[in-house]
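Trainee: Got a structure for you, written out below as structure tokens; questions coming shortly.
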Amino acid sequence: MDLNWLEDFLALAEQKNFSRAAEARNVSQPAFSRRIRALEDWIGTPLFVRGTQGASLTRAGLHFLPLAEDLMRNLHRARRATRTVGERETGSLSIAATHALSFTYFPGWIRRHMRFEALGTLNLISDSMEACEQIMLGGEVHFLLCHYHADVPTRFDDSRFESVRVGQDLLLPVCAPDAQGQPLWPLPGTPERPARLLAYSPASGLGRILAAHEIRNAEASRLESVFTSHLAATLMTMAREGHGIAWLPLGLVEEDLIRTRLVRAGPNSSDIPVEIRLFRSPDCRNHAADELWGRICKQGSDII
6 MDLNWLEDFL ALAEQKNFSR AAEARNVSQP AFSRRIRALE DWIGTPLFVR GTQGASLTRA
66 GLHFLPLAED LMRNLHRARR ATRTVGERET GSLSIAATHA LSFTYFPGWI RRHMRFEALG
126 TLNLISDSME ACEQIMLGGE VHFLLCHYHA DVPTRFDDSR FESVRVGQDL LLPVCAPDAQ
186 GQPLWPLPGT PERPARLLAY SPASGLGRIL AAHEIRNAEA SRLESVFTSH LAATLMTMAR
246 EGHGIAWLPL GLVEEDLIRT RLVRAGPNSS DIPVEIRLFR SPDCRNHAAD ELWGRICKQG
306 SDII
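As structure tokens, this is what we get:
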């Protein structure tokens, strides 16, 4: 049994399409298909029905889905908890970051603030906001890096969890361009042709921010939700391929806008300014975490 098979299974169950799931897992489609087949052979029954419209779960697959999710959560939790015990005795640093920030903002940010020779090991955990909150509340990491808006409460008690504003971002509605370079799905849409919304799942912190801003308030009758994911990168790929509009962080889509793979779907009034904030764990501490926090504080970030 290969753990990659479980992650592949979960990706395909979410995407319902082999090519999109393979892209999300950063493997070729033939290799991805072989791994799904290997998992089915190991279990002893088909988990997906293959068809021209994509892949859907069989009854066995539907039964296995929550079991696979629990298994992956428990395995990752066990690994993190064990690693945390060891890291408390060393100079290692553990940071949880939401998916969108982990591969756009985090690399440059940590390079600016931390001397790597001062660290034993730097461990980055990338997950949804909901999962990152759980990890943080469990005392498994030193810090959490996430998008934040004052109107959207987190699960962190202000009296226990310090936080620092370390950057700014902007959520803006984007979609693929048409042949003339205009938005394929312009806001606000019309009753005859509603704009197609690529939405965030409840596990997403960006989804919470958008819900708090009621992006569909004035346009509710002209926005049609057609796809949901907790991954901003998945929504970006769907938007690129013309499936609808997604509110995405500027830090994630800036290059796509420059190259016109994506265009603005609405006016600037549809944008939502957000912060990038670092939360500090009150339970998981070591000298590397203290050094990082001290460097950030000295540079005059806004501390709460």
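The numbering of the sequence shown is the working numbering, which starts it at 6 and goes up by one.
C-beta: ideal position from N, C-alpha, C; glycine also.
Can you list, in chain order, the residues of its chain whose CB lies under 8 Å from that of G212, leaving out five sequence neighbours each side?
Mentor: If we look at G212 and ignore the five residues flanking it on each side, its Cβ neighbours are A204, Y205, S206 and H235.
Trainee: Contact check, A244 vs A237 under 8 Å by CB: the rounded distance?
Mentor: So it is not a contact: roughly 10 Å between Cβ atoms.
Trainee: If you draw a straight line from the C-alpha of P188 to the C-alpha of A270, how long is it?
Mentor: For P188 and A270, the distance between alpha carbons rounds to 5 Å.
Trainee: Can you look up S61 in the DSSP assignment and give me helix, strand or coil?
Mentor: If DSSP states are grouped into helix, strand and coil, S61 belongs with the strands.
Trainee: So within the region 142-170, which uninterrupted beta strand (DSSP E) runs reach at least 3 residues, ignoring any that extend past its ends?
Mentor: Listed in chain order, they are 148-153.
Trainee: Tell whether a beta-carbon distance below 9 Å holds between H147 and L297.
Mentor: The answer is yes: Cβ separation under 9 Å.
Trainee: Looking at the strands, I want to know which residues DSSP matches up with R55.
Mentor: A60.
Trainee: Round the Cβ separation of I281 and V171 to the nearest angstrom and send it over; I've been treating them as touching at under 8 Å.
Mentor: Indeed they touch by this definition, with Cβ atoms about 6 Å apart.
Trainee: Please classify M6 as buried or exposed, where buried requires at least 16 neighbouring CB atoms within 10 angstroms.
Mentor: Exposed, since its Cβ has fewer than 16 Cβ neighbours within 10 Å.
Trainee: Return helix, strand or coil for A270, following the three-state DSSP convention.
Mentor: A270: coil per DSSP, three-state reduction.
Trainee: With a threshold of 7 Å on Cβ separation, who are the neighbours of H118 within its own chain once the five nearest residues in sequence on each side are excluded?
Mentor: These residues qualify, in order along the chain: L297, R300 and I301.
Trainee: Since T103 is in the beta strand (DSSP E), which residue starts that stretch and which ends it?
Mentor: It spans L98 to T103 - the beta strand (DSSP E) in which T103 sits, taken as one unbroken run.
Trainee: Am I right that L11 and L52 are in contact with their C-beta atoms under 8 Å? What's the rounded C-beta distance?
Mentor: About 11 Å separates the two Cβ atoms, so there is no contact after all.
Trainee: S99 to P178, Cα distance in whole Å?
Mentor: Taking the straight line from one Cα to the other gives about 33 Å.
Trainee: How far does the beta strand (DSSP E) with W252 in it reach, from first residue to last?
Mentor: Looking at the DSSP string, the run of the beta strand (DSSP E) that includes W252 is A251 to P254.
Trainee: Residues in its own chain within less than 8 Å of T109 by CB, not counting five upstream and five downstream?
Mentor: Correct list, in chain order: P254, G256 and L257.
Trainee: Relative to the alpha-carbon of I48, which residue among I214, R88, F14 and L240 has its alpha-carbon at the smallest distance?
Mentor: Closest by alpha carbon: F14.
Trainee: Is the region 65-79 touching the region 20-32 in the sense that three or more CB pairs, one from each, lie closer than 8 Å?
Mentor: At 8 Å Cβ cutoff, the stretches do not touch.
Trainee: Run the CB neighbour count on V169, radius 10 Å, all protein chains shown included, and call it buried at 16 or more, exposed below.
Mentor: With 16 or more other Cβ atoms within 10 Å, it is buried.
Trainee: Could you check where the beta strand (DSSP E) with F284 kicks off and where it finishes?
Mentor: That run of the beta strand (DSSP E) goes I277 to R285.
Trainee: Does the CB of M77 have a neighbour CB from chain D at under 9 Å?
Mentor: Absent from the structure: chain D. Only one protein chain is present.
Trainee: Given G210, which residues of its chain have a CB within under 7 Å of its CB, disregarding the five upstream and five downstream residues?
Mentor: Here the set comprises T103, M134, C151 and H152.
Trainee: Helix, strand or coil, according to DSSP, for S107 in the structure here?
Mentor: Helix, per DSSP.
Trainee: Out of E45, Q58 and I130, which has the shortest C-alpha to C-alpha gap to H81?
Mentor: The candidate whose alpha carbon is nearest that of H81 is I130.
Trainee: Taking Cβ positions, are V268 and A181 nearer each other than 9 Å?
Mentor: In this structure, A181 lies closer than 9 Å to V268 by Cβ.
Trainee: So, for Q185: in the same chain, excluding its five sequence neighbours on each side, which residues have a beta-carbon less than 8 Å away from its beta-carbon?
Mentor: No residues qualify anywhere along the chain.
Trainee: Could you spell out the range, first to last residue, of the beta strand (DSSP E) harbouring Y200?
Mentor: As written in the sequence, residue 200 is Ala, which differs from the Tyr given in the question. Here the beta strand (DSSP E) through A200 covers A200 to Y205.
Trainee: Using 8 Å for Cβ pairs, my map puts T126 next to S107. What's the rounded Cβ distance?
Mentor: T126 to S107, Cβ: 17 Å. No contact.
Trainee: Who are T233's beta bridge partners in DSSP?
Mentor: In DSSP, T233 forms a bridge with A204.
Trainee: Kindly list the residues whose CB is nearer than 6 Å to the CB of E229, restricted to its own chain and excluding five residues on each side of it in sequence; keep chain order.
Mentor: Taken in chain order, the residues that qualify are P199 and R201.
Trainee: Just to confirm the assignment, what range does the beta strand (DSSP E) spanning L127 have?
Mentor: Unbroken beta strand (DSSP E) run through L127: L127 to D132.
Trainee: Cα separation between N22 and E259?
Mentor: In a straight line, the C-alpha of N22 is about 27 Å away from that of E259.
Trainee: Could you compute how far the alpha carbon of D276 sits from the alpha carbon of T159?
Mentor: Cα-Cα distance, rounded: 21 Å.
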